[in-house]
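All residue numbers for the sequence shown refer to the working numbering, where the first residue is 7 and numbers rise by one. For each residue, glycine too, the CB sits at the ideal point set by N, CA and C.
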Amino acid sequence: MPTCSNHPPLYTISHPPPALSKVVSPLLSSEETFVLLSADRIPFRIPTLQLAQASPAFLTASSFTRTGKRQLRFSDSHIETSSILNLFIELLLDAGLSSRTLLRLSVATATGLVHFLNKWECPATLRLAFACIHQGYTTGAVKSWVIFMTACVAEDADIVASMLNDSQYGGWKREGLSKAADDLTLDIDVRGYPFEWWAMVPVRFQWAVGKAMTYGDKYPQSVRERGDVFRELLKATKV
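If you want it as structure tokens, here you go:
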């Protein structure tokens with residue numbers, strides 16, 4: 007798998023081994039389908055067995071239709087929309103995310119997926135999702151701000167620290183957003199990122215990133231890199 011400079015691969019993409027699968031009821035048929043209704047009322051059908059293996063929480067929260075089909079109606083308009091469910095189902099059925107999907111990935115959908123998988127207790131699928139997004143970043147399909155903000159939301163200190171270190175060498179500087187974003191360009195100074203992005207990030211990560219960036223401004227010749235300062239600050243937030 008391609009790797010970023012100064013950053014060893016933290017994840018590998020593969021089909022989750024059977025040992026990671028949760029035990030599911032033998033009463034579930036491999037042909038049975040489960041209906042997921044997104045918060046924006048788009049229906050999705052997925053094999054019940056695969057959904058149960060991702061997390062039994064889906065079955066626990068489900069109900070039955072008049073025809074005996076299992077269904078689950080989502081209500082969170084931020085993280086349970088059709089755009090998020092599309093990613094989730096692709097991960098389950100294809101054991102990964104395609105290059106086309108990664109190219110279209112935005113901060114909102116990537117971080118929304120992290121929140122969705124955490125909410126529904128899907129740790130194995132979350133690891134797979136992050137592996138795909140990280141690989142997409144190393145190959146250029148995923149933009150730097152997408153992987154950075156996703157790592158912040160997922161509280162992945164290794165990727166955040168590595169990217170803060172890389173920022174000092176200009177390799178991550180001033181990448182442009184698409185035309186849909188009104189030609190806005192975002193500098194490496196992540197403190198200029200939109201409020202709605204940071205609002206999804208745990209407060210301790212917000213604080214540690216901001217302080218580490220300020221340290222880099224104040225001591226540009228310091229042998230301590232921003233990422234190292236970030237790690238130290240993050241440790242100080244643990245109580």
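| Asked | Found |
| --- | --- |
| Beta carbon of Cys138 nearer than 9 Å to that of Gly102 | yes |
| Candidates Phe201, Phe236, Phe40, of which the one nearest Asn171 by Cα | Phe236 |
| Contact check, Asp82 vs Lys149, beta carbons under 9 Å | no |
| Given 8 Å, three or more beta-carbon pairs between the stretch 97–112 and the stretch 64–76 | no |
| Of the listed residues Gly146, Val209, Thr144, nearest to Val159 (C-alpha basis) | Val209 |
| Spatially closest choice to Ser89 from Pro62, Ile52, Asp46, by CA coordinates | Asp46 |
| Ser89, DSSP secondary structure in three states | helix |
| Chain-order list of residues whose beta-carbon lies under 7 Å from that of Pro32 (same chain, five-residue window excluded) | Note on Pro32: pLDDT 39, under 50, position unreliable in the model; the coordinate value appears next. Answer for Pro32: no residue qualifies. |
| As assigned by DSSP and simplified to three states, the class of Arg197 | helix |
| Thr243 in three-state terms, based on DSSP | coil |
| Collapsed DSSP secondary structure at Ile48 in the structure displayed | coil |
| Leu123 and Phe80 closer than 9 Å at C-beta | no |
| Among Glu86, Lys75, Ile153, the one whose alpha carbon lies nearest that of Arg110 | Ile153 |
| Same chain only: Cβ atoms within 6 Å of Trp203, ignoring 5 sequence neighbours per side | Val113, Met155 |
| Member of Leu119, Arg197, Ser61 whose CA lies at the smallest distance from the CA of Thr220 | Arg197 |
| Beta bridge counterpart(s) of Thr39 as assigned by DSSP | Pro53 |
| Exposure label - Arg232; buried when at least 16 CB within 10 Å | buried |
| Thr145 to Glu86 span [Cα, whole Å] | 28 Å |
| Check whether Leu119 and Ala135 have beta carbons under 9 Å apart | yes |
| Sequence ranges, alpha helix (DSSP H) only - wholly within the stretch 140–170, length at least 4 | 150–159 |
| The beta strand (DSSP E) enclosing Arg79, as first and last residue numbers | 76–79 |
| Beta-carbon separation (whole angstroms), Leu91 vs Phe40, contact threshold 8 Å | About 12 Å separates the two Cβ atoms, so there is no contact after all. |
| CA-to-CA distance, Leu93 to Ala60, given in whole angstroms | 14 Å |
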